[in-house]
Amino acid sequence: MSAGRYYDTSVLSLAQAERSMVTLGGKVLKTPKDLLRTQPGLKRG
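The numbers in numbering that gives the first Met the number 0 rise by one with no breaks, and the one at position 1 of the sequence shown is 0.
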């Protein structure tokens, strides 16, 4: 697995799961990975 693929599947998926929320109606709201890529602690190094 390439470093870019690992970053997309593992790191961003974990961050997305940690930041997800469930609405009162039961819908799961996730932060899009494109937006997570721009976060200071989640940029590729």
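Virtual Cβ for every residue (Gly too), placed ideally from N, Cα, C.
With burial defined as no fewer than 16 other Cβ atoms inside 10 Å of the residue's Cβ, what is the status of L11: buried or exposed? buried
By the three-class DSSP mapping on this structure, what secondary structure does L124 have? Shown here, the chain extends from 0 to 44; a query on residue 124 therefore has no answer.
If contacts are defined as beta-carbon pairs under 8 angstroms, then K32 and Q15 qualify, I think. What distance do you get, rounded to the angstrom? 6 angstroms
With a CB to CB cut of under 8 angstroms and the five nearest residues on each side skipped, what residues in its chain are close to T22? L28
Rounded C-alpha distance that separates R36 from G24: When rounded, the distance between both Cα atoms is 28 angstroms.
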